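Here the structure comes first, spelled out in structure tokens, and everything after it is commentary.
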Ligand code: ADP
Ligand code: MG
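Residue numbers (our numbering): 132 to 450.
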């Protein structure tokens with residue numbers, strides 16, 4: 132097997148707070164091959180953004196390891212992290228706050244280019260090239276962020292991310308602040324960039340429909356743990372984990388079985404300060420029984436490339 136571009140193993144991150152310790156990410160492992168799109172889905176607070184920030188080396192893990200092309204970034208100094216930072220770039224959720232309003236587009240993208248120390252004419256040409264890659268044009272370089280629509284601003288954010296020629300884009304809910312019609316255009320752009328540049332994508336979203344459009348594989352997160360991971364079409368068509376089933380049932384255009392599926396989840400997400408013992412999902416799970424309160428389910432292979440962390444896997448057909 133070839134070495135993955137990004138591999139994350141037994142990754143955990145806890146945040147000490149005045150109210151106790153928040154276990155934001157708990158023993159998460161996955162890998163992304165060069166050029167592959169991997170989706171992370173889960174409700175708000177499930178640890179998606181924390182995983183993205185860990186993968187970029189912006190915060191350090193409490194436990195576990197992150198590797199780029201087989202090389203661990205654990206314990207590296209800021210300086211030693213630099214080459215890894217260039218391999219992975221972030222596209223943020225909010226295109227309004229993620230661009231400095233006082234800078235022209237030229238300088239927003241130029242900042243990212245500075246490490247390359249390009250001559251001025253080469254630099255302008257590169258900025259024009261980057262704008263073209265994201266569907267804008269060279270004349271946009273002299274404008275300020277407020278002169279653009281939300282979708283165009285997200286394109287500028289993507290151009291900035293591409294400036295250092297990364298191999299992986301980490302896109303944290305990159306379209307959830309945009310109108311639905313604009314969402315599709317940005318998704319298409321990301322698909323095109325993948326195809327043309329061979330970019331890998333860690334795509335973070337609470338929207339399973341979008342993940343299905345973009346990602347070959349997906350991991351479903353709940354309270355910092357992976358409940359199920361596998362090929363997106365399989366996980367979406369025949370989800371194994373009760374939580375994946377519930378998430379899918381929450382998608383508005385779900386199948387006619389949706390009302391029945393909704394029974395599979397009840398109540399609110401428990402506090403991450405005090406997660407349930409055993410299986411963290413059991414307090415909302417229709418299928419939970421005795422051992423679920425005491426035994427922690429591990430991600431076990433269900434089929435090739437498909438893993439599920441449920442003591443009751445495979446679930447009974449009719450219950
Ligand atoms: P998501 O992106 O899936 O919404 P996050 O990764 O942002 O989830 O957060 C996961 C959990 O960690 C949440 O309970 C959140 O409140 C907590 N958390 C995230 N960052 C911090 C921090 N810097 N300090 C304390 N708690 C944090
Ligand atoms: Mg988030």
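By construction, the Cβ of each residue, glycine as well, lies at the ideal position given by its N, Cα and C atoms. Predicted model, so just to flag it, every value in this text is computed and none were measured.
Could you tell me how far apart the beta carbons of residue i and residue j are, in whole angstroms, since I believe they sit closer than 8 Å?
i: residue 363; j: residue 376; result: Contact flag wrong, Cβ pair sits at about 15 Å.
i: residue 143; j: residue 193; result: 5 Å
i: residue 240; j: residue 308; result: Incorrect: roughly 21 Å between the Cβ atoms, too far for contact.
i: residue 160; j: residue 137; result: Wrong, their Cβ atoms sit about 12 Å apart, outside the cutoff.
i: residue 172; j: residue 337; result: 6 Å
i: residue 441; j: residue 371; result: 7 Å
i: residue 403; j: residue 176; result: 7 Å
i: residue 339; j: residue 378; result: 6 Å
i: residue 134; j: residue 200; result: 6 Å
i: residue 141; j: residue 196; result: 7 Å
i: residue 381; j: residue 335; result: No, residue 381 and residue 335 are not in contact; Cβ-Cβ is about 17 Å, not under 8 Å.
Which residue's Cα is closest to the Cα of residue i: the options?
i: residue 306; options: 222, 421, 292, 164; result: 222
i: residue 426; options: 412, 156, 136; result: 412
i: residue 214; options: 341, 298, 172, 304; result: 298
i: residue 186; options: 374, 203, 280; result: 203
i: residue 344; options: 323, 352, 328; result: 323
i: residue 445; options: 243, 325, 359, 326; result: 359
i: residue 216; options: 328, 231, 133, 184; result: 184
i: residue 198; options: 339, 373, 448, 218; result: 218
i: residue 281; options: 312, 373, 352, 205; result: 312
i: residue 189; options: 212, 195, 201; result: 212
i: residue 155; options: 341, 423, 145; result: 145
i: residue 434; options: 224, 260, 365, 256; result: 365
i: residue 112; options: 257, 210, 164, 421; result: Residue 112 lies beyond the stretch modelled for the chain, which goes from 132 to 450, so this question has no answer here.
i: residue 227; options: 253, 278, 437, 251; result: 278
i: residue 405; options: 361, 437, 354, 416; result: 354
i: residue 170; options: 182, 350, 178, 300; result: 350
i: residue 341; options: 397, 180, 319; result: 319
i: residue 165; options: 419, 315, 325, 418; result: 325
i: residue 398; options: 408, 415, 409; result: 415
i: residue 418; options: 448, 408, 210; result: 448
By DSSP's criteria, residue i is part of a beta bridge. Which residues make up the other side?
i: residue 144; result: 156
i: residue 334; result: 170, 302
i: residue 162; result: 138
i: residue 351; result: 172, 359
i: residue 194; result: 143
i: residue 203; result: 198
i: residue 226; result: None; residue 226 has no bridge partner.
i: residue 434; result: 437
i: residue 365; result: Answer is none; residue 365 lacks a bridge partner.
i: residue 221; result: 301
i: residue 416; result: 396
i: residue 151; result: 148
Regarding residue i and the ligand SAM, is the C-beta to nearest heavy atom distance less than 6 Å?
i: residue 398; result: Annotation note on the ligand SAM: not contained in the displayed structure, which lists the ligand ADP and the ligand MG as its ligands.
Answer yes or no: does any C-beta atom of chain D fall closer than 7 Å to that of residue i?
i: residue 437; result: You won't find chain D in this structure, because it holds only one protein chain.
For this session: Report all residues for which the CB-ligand distance to some heavy atom of the ligand ADP is below 6 Å; order them along the chain.
Result: Listed by position along the chain, the residues with Cβ atoms less than 6 Å from a non-hydrogen atom of the ligand ADP are 146, 148, 153, 155, 173, 175, 176, 177, 178, 179, 180, 181, 403.
For this session: Assess, as a yes-or-no matter, whether the region 221-237 is touched by the region 270-279 under the definition of 3 or more beta carbon pairs within less than 8 Å.
Result: Result yes; three or more Cβ-Cβ pairs closer than 8 Å.
Exercise. Quick check: the region 277-287 against the region 262-269, are there 3 or more CB pairs under 8 Å?
Worked result: yes
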